[in-house]
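When the letters of the sequence shown are read in order and numbered with the numbering used here, they come out as residues 306 to 614. Here a beta-carbon is modelled for each residue, glycine too, at the ideal position from N, C-alpha and C. Reviewing the structure listed below.
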Amino acid sequence: MIEFIDVHKSYKNFQAVKGVTFTIQDREVFGLLGPNGAGKSTLIMTMATVYRPNSGDIKVDGHSAISEPGRVKELIGISFQDPKYDRILSAREILEWHARVTGVERGEARRRIHEVLGKFGILEEANKRTWMLSGGTKKKIENAKVFVQRPKVAVFDEPTAYLDVPSRLMVWDMIDELREEGATVLLATNMMDEADRMSDRVGIVNQGRMAIVGTPSELKASLKGKDIIELRLVRDAPQFAGELEQIQEVERVDSPEENVLSVYLSNGKTLLPLIINKISSKGGIIQSVSLNEPTLEDVFLNYTGSKLV
Ligand SMILES: Nc1ncnc2c1ncn2[C@@H]1O[C@H](COP(=O)(O)OP(=O)(O)OP(=O)(O)O)[C@@H](O)[C@H]1O
Ligand SMILES: [Mg+2]
306 MIEFIDVHKS YKNFQAVKGV TFTIQDREVF GLLGPNGAGK STLIMTMATV
356 YRPNSGDIKV DGHSAISEPG RVKELIGISF QDPKYDRILS AREILEWHAR
406 VTGVERGEAR RRIHEVLGKF GILEEANKRT WMLSGGTKKK IENAKVFVQR
456 PKVAVFDEPT AYLDVPSRLM VWDMIDELRE EGATVLLATN MMDEADRMSD
506 RVGIVNQGRM AIVGTPSELK ASLKGKDIIE LRLVRDAPQF AGELEQIQEV
556 ERVDSPEENV LSVYLSNGKT LLPLIINKIS SKGGIIQSVS LNEPTLEDVF
606 LNYTGSKLV
């Protein structure tokens with residue numbers, strides 16, 4: 306449904322996107338992950354035809370973002386990361402205007418706007434002018450544009466940033482509804498739980514390049530250390546990292562927080578006594594131990610961190 310074909314995009318001399326190629330299938334939910342500044346929003350803006358790529362192309366249902374931008378715009382609906390509104394309009398007027406320009410019939414638009422604002426619990430708030438809205442409410446309005454439009458291809462750039470917990474769950478439900486109706490969804494997010502829960506496949510962008518694409522479970526399984534032992538020590542955790550890295554089956558050791566060591570292993574269960582012994586014999590005091598499967602967060606850190614797999 307969506308093909309990014311060797312997309313390059315520079316801002317003046319700065320290369321933000323350096324040759325990205327990937328495909329999103331019809332009716333798929335594709336999670337776009339990557340560190341701040343990796344190029345996610347730039348990819349979305351080029352797909353939205355807001356920016357023109359320096360080279361390469363993006364095809365949406367076979368239509369080129371470069372040679373047929375009008376056709377592409379008709380197919381997609383986008384919730385931008387950082388929307389800029391005309392401050393004079395109310396939130397409801399913005400939604401009415403959006404429904405009109407995207408061709409939603411008037412009565413249907415009124416019904417959908419009422420429904421979506423009701424689900425977010427902002428029927429009253431929506432009468433305020435946009436400059437008065439809180440950050441979270443602004444984000445709800447931006448998402449509401451897509452839920453009112455109900456496009457063939459729905460794109461969300463950080464849809465749940467600033468949102469409270471019930472609203473996040475509501476957005477997820479509403480995205481699920483879009484997908485049930487047959488939409489294809491591109492979801493850029495920095496929330497790994499969101500990506501894991503929502504995505505059929507994810508792609509991790511790093512420094513303007515696509516580092517890896519796969520289903521969340523494929524990517525978790527692709528980590529060399531399939532098991533992770535997490536050790537919480539009373540003190541001095543970092544001084545044991547080097548020691549543990551000398552064990553043959555230990556792939557690497559991270560310290561995600563103070564006095565915690567994450568030990569990535571090819572075989573966790575049988576090594577646990579050895580690891581505990583090593584630390585205890587050097588005077589380390591272990592407070593707690595847990596054995597974990599890799600999470601999408603581990604996948605993210607592996608493919609974007611300094612220690613690449
Ligand atoms: N309009 C612009 N002019 C100049 N540089 C830009 C512009 N927009 C983005 N950039 C730069 O391009 C790079 C990619 O930015 P982009 O917004 O695509 O990242 P992102 O992956 O969406 O990050 P985030 O997670 O923070 O949203 C960054 O280094 C950013 O500073
Ligand atoms: Mg962004």
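Practice task
Please state if the CB of valine 409 and the CB of arginine 455 are separated by a distance shorter than 9 Å.
Solution key: Counting from one through the sequence shown, the residue named residue 455 turns up at place 150. Counting from one through the sequence shown, the residue named residue 409 turns up at place 104. Taking 9 Å as the Cβ cut-off, arginine 455 and valine 409 qualify as a contacting pair.
Handout entry: valine 406, enclosing alpha helix (DSSP H) - first and last residue
Key = Counting from 1 along the sequence shown, the entry for residue 406 is found at position 101. First-last of the alpha helix (DSSP H) with valine 406: 396-406.
Problem - Beta-carbon spacing of serine 595, isoleucine 534 below 9 Å - result: What you label residue 595 is simply residue 290 of the sequence shown in a count that begins at 1. What you label residue 534 is simply residue 229 of the sequence shown in a count that begins at 1. Remark: C-beta atoms of serine 595 and isoleucine 534 approach each other more closely than 9 Å.
Practice task
Taking 9 Å as the cut-off, decide whether the C-beta atoms of lysine 619 and phenylalanine 425 are in contact.
Solution key: Lying before the first or after the last residue shown, residue 619 is absent from the chain, which here runs from 306 to 614.
Problem - lysine 314: CB within 8 Å of a non-hydrogen atom of ligand 2 - result: Sequence index remark: in the sequence shown, residue 314 carries index 9 (1-based). Not so, every heavy atom of ligand 2 lies at least 8 Å from the Cβ.
Practice task
State the DSSP-derived secondary structure class of isoleucine 381, mapped to helix, strand or coil.
Solution key: As a first step, residue 381 must be located in the sequence shown, where it is residue number 76. Three-state DSSP puts isoleucine 381 in a strand.
Problem - alanine 459: first and last residue of the uninterrupted beta strand (DSSP E) it sits in - result: Your numbering for residue 459 matches position 154 in the sequence shown. Taken as a continuous stretch (DSSP letters only), the beta strand (DSSP E) holding alanine 459 covers 458-462.
Exercise for the section: Note down the Cα distance separating glycine 297 from glutamate 401, rounded to an integer number of angstroms. Expected result: In the structure displayed, the chain extends from 306 to 614; residue 297 sits before or after that span and is not available.
Problem - Cα-Cα separation between lysine 612 and leucine 338, rounded to whole angstroms - result: Counted from its first residue, the sequence shown places residue 612 at position 307. Counted from its first residue, the sequence shown places residue 338 at position 33. In this prediction, lysine 612 scores a pLDDT of 47, lower than 50, which makes its location untrustworthy; the coordinate-derived value is nonetheless stated afterwards. Using only the alpha carbons, I get a separation of about 18 Å.
Practice task
Taking all protein chains shown into account, decide if tyrosine 569 is buried (16 or more other Cβ within 10 angstroms of its Cβ) or exposed.
Solution key: Taking the sequence shown and counting its residues from 1, one reaches residue 569 at position 264. Its Cβ being crowded by 16 or more others within 10 Å, tyrosine 569 is buried.
Problem - DSSP state of tyrosine 608 mapped onto helix, strand, coil - result: Taking the sequence shown and counting its residues from 1, one reaches residue 608 at position 303. Tyrosine 608: helix per DSSP, three-state reduction.
Exercise for the section: Output the distance between the C-alpha atoms of valine 614 and valine 377, rounded to the nearest integer angstrom. Expected result: Stepping through the sequence shown from its first residue, residue 614 is reached at position 309. Stepping through the sequence shown from its first residue, residue 377 is reached at position 72. Only weak support exists for where valine 614 lies, its pLDDT of 39 falling under 50; the coordinates are left without a value.
Practice task
Find out if the Cβ-Cβ distance for the pair serine 395, lysine 433 is shorter than 9 Å.
Solution key: The residue given as residue 395 occupies position 90 in the sequence shown. The residue given as residue 433 occupies position 128 in the sequence shown. Note that the C-beta distance between serine 395 and lysine 433 is below 9 Å.
Exercise for the section: Just confirm the distance between the C-beta atoms of isoleucine 307 and threonine 326, as a whole number of angstroms; I'd bet it's less than 8 Å. Expected result: Taking the sequence shown and counting its residues from 1, one reaches residue 307 at position 2. Taking the sequence shown and counting its residues from 1, one reaches residue 326 at position 21. At roughly 12 Å, the Cβ-Cβ gap does not stay under 8 Å, so isoleucine 307 and threonine 326 are not in contact.
Exercise for the section: Go through its chain and collect everything with a Cβ distance to arginine 617's Cβ below 8 Å, but skip five positions before and after it. Expected result: The question about residue 617 has no answer, for the chain in this structure spans 306 to 614.
Exercise for the section: Please find out if some non-hydrogen atom of ligand 1 comes closer than 8 Å to the beta-carbon of asparagine 448. Expected result: Taking the sequence shown and counting its residues from 1, one reaches residue 448 at position 143. No, since every heavy atom of ligand 1 falls outside the 8 Å radius drawn around the Cβ of asparagine 448.
Exercise for the section: Using alpha carbons as the reference points, say which of Lys389, Leu468, Ile381 lies closest to alanine 404. Expected result: Within the sequence shown, residue 404 is the residue found at index 99, counting from 1. Shortest Cα-Cα distance from alanine 404 to any of Lys389, Leu468, Ile381 involves Ile381.
Handout entry: CA nearest to the CA of proline 599, picked from Met479, Val555, Leu524
Key = Position 294 of the sequence shown holds residue 599. Selected option, being the one with the closest Cα: Leu524.
Exercise for the section: Output yes or no for whether 9 Å exceeds the beta carbon distance between serine 560 and alanine 542. Expected result: Residue mapping note: residue 560 aligns to position 255 of the sequence shown, counting from 1. Residue mapping note: residue 542 aligns to position 237 of the sequence shown, counting from 1. Yes. Within cutoff.
Practice task
With methionine 350 as the anchor, note down where its beta strand (DSSP E) starts and where it stops.
Solution key: Position 45 of the sequence shown holds residue 350. Not the beta strand (DSSP E): methionine 350 falls in the alpha helix (DSSP H), residues 345-352.
Handout entry: Helix, strand or coil at glutamine 544 according to DSSP, with G and I counted as helix
Key = Taking the first residue of the sequence shown as 1, we reach residue 544 at position 239. Note: glutamine 544 maps to helix in three-state DSSP.
Problem - For valine 312, the residue or residues it bridges with in DSSP - result: Along the sequence shown, one-based indexing puts residue 312 at 7. Residue pairing for valine 312: DSSP places it in a beta bridge opposite Val325.
Handout entry: Bridge-paired residues (DSSP) for aspartate 559
Key = The residue labelled residue 559 in the question sits at position 254 within the sequence shown. Ser567, per the DSSP bridge assignment.
Handout entry: Alpha carbon of leucine 554 to alpha carbon of leucine 601, nearest angstrom
Key = Along the sequence shown, one-based indexing puts residue 554 at 249. Along the sequence shown, one-based indexing puts residue 601 at 296. Sequence inspection shows glutamate at residue 554; the leucine mentioned does not correspond to that position. Spanning the two alpha carbons is a distance of roughly 22 Å.
Handout entry: Nearest-angstrom Cα separation, counted from tyrosine 608 out to asparagine 597
Key = The count along the sequence shown starts at 1 and reaches residue 597 at position 292. The count along the sequence shown starts at 1 and reaches residue 608 at position 303. Cα to Cα, the separation comes out at about 19 Å.
Practice task
Could you spell out the range, first to last residue, of the beta strand (DSSP E) harbouring asparagine 359?
Solution key: For the purposes of this step, residue 359 is taken as residue 54 along the sequence shown, with counting starting at 1. Counting along the chain, asparagine 359 falls outside any beta strand (DSSP E), and DSSP gives it neither H nor E.
Handout entry: Where the alpha helix (DSSP H) containing isoleucine 581 begins and where it ends
Key = Along the sequence shown, read from residue 1 onward, the residue named residue 581 stands at position 276. DSSP places isoleucine 581 in the uninterrupted alpha helix (DSSP H) bounded by 577-586.
Handout entry: DSSP three-state assignment for glutamine 454, whether helix, strand or coil
Key = Counting from one through the sequence shown, the residue named residue 454 turns up at place 149. Glutamine 454: helix per DSSP, three-state reduction.
Practice task
Reducing DSSP to helix, strand and coil, say where threonine 435 ends up.
Solution key: As a first step, residue 435 is located in the sequence shown; it is residue number 130 there, counting from the start. Helix at threonine 435.
Practice task
Output the boundary residues of the beta strand (DSSP E) element that contains glutamate 485.
Solution key: Along the sequence shown, read from residue 1 onward, the residue named residue 485 stands at position 180. Careful: glutamate 485 lies outside any beta strand (DSSP E), inside the alpha helix (DSSP H) at 470-485.
Exercise for the section: For lysine 323, verify whether its CB is less than 8 Å away from any heavy atom of ligand 1. Expected result: Along the sequence shown, read from residue 1 onward, the residue named residue 323 stands at position 18. No, the Cβ of lysine 323 stays beyond 8 Å of every heavy atom of ligand 1.
Handout entry: Distance between arginine 417 and isoleucine 517 (C-alpha atoms, nearest Å)
Key = Start at 1 with the first residue of the sequence shown, and residue 517 comes out as number 212. Start at 1 with the first residue of the sequence shown, and residue 417 comes out as number 112. Roughly 37 Å separates the two Cα atoms.
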